[in-house]
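Residue numbers (this note's numbering): 6 to 229.
Glycine is no exception: its CB is placed at the ideal position from the N, C-alpha and C atoms.
Let me begin by presenting the structure, written as structure tokens, before commenting on it.
Spelled out as structure tokens, the structure:
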């Protein structure tokens, strides 16, 4: 008999507003360990706000946000974020750090020593199809697709409990976007890390997600 999956995120009757503009309304759902969740819907439906509430960039006003069996306000915010990886558009890399330093950034926050960092990066480079010769370069020397691959390595290198992605491929050309979709799908399958991704693209969501949450006007419309 298989054991039930544990939930790593639980949201209950969540409400959020910017001043007098309501963005999320009585929103509830759970995310189980190992799932790939895509949040999709029209611009302004609240999906990026929801992602920011999960990682503590915003504070919820009503309802409950529970991460790893603990309400989010009980977490020290830096400890919570060490449990997460975060991927934004164009990688959001630190421009003054080399590729290698960017990749190691979250590992250093999690007290990995230099030998462990190097070993981990050596393991991940083939997974994201990057050459070791890029490690000494700076972000402005890379293509958009390369920067996003570096951002993905930074997000997964410290073995986080979950990876949050906010429209990570929307600024890329179609060919690069398709390539990175396949890459992230392969990473999810290999590592079984929980992914939660915001996307405008229904096709992208259908390609990647184990469940798709369609949002409209701050509420969940359907879950597939």
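Residue 103 in three-state terms, based on DSSP:
coil
Check whether the Cβ of residue 122 lies closer than 7 Å to any heavy atom of the ligand MN, and answer yes or no.
In the structure shown, the ligand MN is absent, as is every other ligand, since no ligand is present at all.
Determine the closest residue to residue 108 out of 200, 70, 157, 204, with distance taken between C-alpha atoms.
157
Reference residue 180, options 149, 207, 126, closest by Cα
149
Could you check what DSSP says for residue 50 in three-state terms: helix, strand or coil?
coil
Say whether the region 124–144 touches the region 167–177, bearing in mind that this needs 3 or more beta-carbon pairs closer than 8 Å, one atom from each stretch.
no
For residue 219, list the residues DSSP reports as bridge partners.
45, 227
Find the nearest neighbour of residue 199 within the set 117, 61, 115, 90, judged by alpha-carbon distance.
90
Between which two residues does the beta strand (DSSP E) holding residue 195 run?
It is not in any beta strand (DSSP E) - residue 195 instead sits in the alpha helix (DSSP H) that spans 179–196.
Short of 7 Å in beta carbon distance, which residues of its chain neighbour residue 36, apart from the five on each side in sequence? Order them along the chain.
12, 13, 14, 42, 199, 201
Roughly how many angstroms lie between the CA atoms of residue 191 and residue 25, to the nearest whole one?
42 Å
Cβ-based neighbour list, residue 20, same chain, cut-off 7 Å, excluding 5 preceding and 5 following
29, 30, 31, 66, 67, 68
What residues match up with residue 91 in a beta bridge as DSSP calls it?
169
Which stretch, first to last residue, makes up the alpha helix (DSSP H) that contains residue 32?
Careful: residue 32 lies outside any alpha helix (DSSP H), inside the beta strand (DSSP E) at 26–37.
Are the beta-carbon atoms belonging to residue 153 and residue 185 less than 8 Å from one another?
yes
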